[in-house]
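*Asks:* Residues 178 to 583 in the working numbering are what the sequence shown lists, from first letter to last.
Where is the CB? At the ideal position from N, CA and C, for every residue including glycine.
The model shown is predicted, which means the values in this text are computed figures rather than measured ones.
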Amino acid sequence: MSSLLETKIAARQHALREQGLLRQRKLLSVDHTLNTNASTSSPRFVFEGRAYVNFSSNDYLGLSRVPELAEALHLGAQTYGVGSGASPLVTGYSDAHLALERELCDLTGHEAALLFCSGFSANTALMKTLFDQHDIVVADKLVHASIIDGLQDSGAQLKRFLHNSLESAERLLARDQTSALITESVFSMDGDCAPIAQLSALCRQHHAWLVVDDAHGFAVLDGYHNAEAAKLIDVQVVTFGKALGCQGAAVLGSQALIDFLVSNAREYIYSTALSPANAALALAATHYSTAHPELQQKLLENIALFKQLCREANVPLLGSDTAIQPLIIGDALQTLQVAEELRAAGIWVGAIRPPTVPVGSARLRITLTAAHAAEDIAKCVAQLAQVLSRIGVPLVTERQAADDHR
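1) The beta strand (DSSP E) that contains THR416, what's its start and end?
2) Got a sec? Which residues, its chain only, sit under 6 angstroms from PHE293 by beta carbon, not counting five neighbours each side?
3) Do LEU451 and GLN413 come within 9 angstroms of each other at the CB atom, strictly closer than that value?
4) Could you round the C-beta distance between THR499 and GLY368 to whole angstroms and report it? I think they count as a contact, below 8 angstroms.
5) Could you round the C-beta distance between ALA346 and LEU319 to whole angstroms and report it? I think they count as a contact, below 8 angstroms.
6) If you pair each beta-carbon of the region 502-520 with each one of the region 528-545, do three or more pairs fall below 8 angstroms?
7) To the nearest whole angstrom, what separates the beta carbons of PRO531 and LEU198, a pair I think is in contact under 8 angstroms?
8) Would you mind working out which of LYS185, LEU238 and PHE224 sits nearest LEU398, comparing C-alpha positions?
9) Just verifying my parser: in three-state terms, what is the DSSP assignment at GLY507?
10) Can you list the alpha helix (DSSP H) stretches of 4 or more residues lying completely in the region 248-289, in chain order?
11) Applying the criterion that 16 or more other CB atoms from any shown protein chain within 10 Å of the CB defines a buried residue, is LEU283 buried or exposed?
12) Beta-carbon separation of ALA273 and PHE308 under 9 angstroms?
13) Among PRO453, ALA547 and GLU517, whose alpha-carbon lies nearest the alpha-carbon of VAL564?
14) What are the boundary residues of the beta strand (DSSP E) that includes ALA539?
15) Identify the continuous beta strand (DSSP E) that holds ARG337 and give its terminal residues.
16) Going by DSSP, what residue range makes up the beta strand (DSSP E) through PHE483?
17) Count Cβ pairs between the region 477-487 and the region 444-459 that sit closer than 8 angstroms; are there 3 or more?
18) Mind checking who ASP317 pairs with in its DSSP beta bridge?
19) What is the DSSP secondary structure of TYR237, counted as helix, strand or coil?
20) Under a Cβ-count criterion, where at least 16 other Cβ atoms within 10 Å of its own Cβ denotes burial, should MET178 be classed as buried or exposed?
21) In terms of residue numbering, what span does the beta strand (DSSP E) encompassing GLY527 cover?
22) Indicate the three-state DSSP secondary structure (helix, strand or coil) for ALA456 in the structure shown.
23) Could you pull out every unbroken alpha helix (DSSP H) segment of at least 4 residues lying fully inside the region 293-317, listed in chain order?
24) Whole angstroms is fine: what's the gap from ALA522's alpha carbon to LEU494's?
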């Protein structure tokens, strides 16, 4: 006889499979014959013996494959070893961590920084440590799950404003004595950008902190992603696993905030520290991205090319100007079908389904990088147009998607 937990697990997995929502890992490998010219060829990997062009990575600048950064990781491991060995408050905090923290502060203008092993842990630690049941927090409707989880754990009262709506945000800020407003710089599923300067002005007017999850904007976007950031943003969370191509994250803010987190954030106190080798790598990646502005320019050119080809092929996008280019299909099973058809042509894109996105807004999440070759972008769009035409999928337009957010 099955136990209660076994029965629950089986029933839940069956229901997810029937709805097209079952998540499964896919074991990928590297074909070294495809990566001999890694710096000049589109990102590729091998799955079940076949090579695919990767249009689902957040490695926006292609830094994960840069030989100089591989050497930086090697040197870091030789210098510090391959692990930190302890939590930061025991013996896990080294000069490699300090150097990275100082560099991040120099780049953004913040007073202090605190390193975490992932963006998820940085966000949840920040939310559940900074806020409690006495706080009212307003957040964009589409903020990341890590923010929602952390706020729920904190006990704070959470109020959501309509996506990127200044009017909606101002109404909530004016209604109560709000502690903070939380948004993202680039929204991970829609690819659009928050109006940071305007939100900052609203927060100053209502004496609330502005907290920005900058995972998908850091080292990619212009504007406030420089030494002026701290003038607009009170707390900035940056991750190293996107544009920097490596691993880890940091919370940036005032020295008082960082000291508070060091003393109270359970994820920081009780977790083994990010390895010094990875800290050294992230530092090298920040230097490399700053020294090679042509990578950002190449990414912009690839985004523009993709959007132009989609317009010419009548493939409707959401209007994003960032590396994240969503195509909303709606139905989860149809979204999986389109993704599988593209894979049959050697194109790998992300099929994003609930609960990552709301029910009825399943989508392809196509991501561009500076490393993509023009011919592979053209092939991706051509195959996408053919598949959509053959299957006859009714697509959600940009205006319909905006209406859904409201």
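*Replies:* On the basis of the supplied data:
1) 412-416
2) ALA299 and ALA426
3) no
4) THR499 to GLY368, Cβ: 5 angstroms. Contact.
5) Wrong, their Cβ atoms sit about 13 angstroms apart, outside the cutoff.
6) yes
7) 6 angstroms
8) LEU238
9) strand
10) 272-285
11) Checking the sequence, you will find Asp at residue 283 rather than Leu. It counts as exposed.
12) Not a contact, by the Cβ cut-off of 9 angstroms.
13) GLU517
14) 539-544
15) 334-338
16) Counting along the chain, PHE483 falls outside any beta strand (DSSP E), though it belongs to the alpha helix (DSSP H) covering 470-489.
17) Judged by Cβ distances under 8 angstroms, the region 477-487 makes no contact with the region 444-459, as fewer than three pairs qualify.
18) DSSP, once it has assigned bridges, lists PHE338 as partnering ASP317.
19) coil
20) exposed
21) 527-529
22) helix
23) 296-307
24) 21 angstroms
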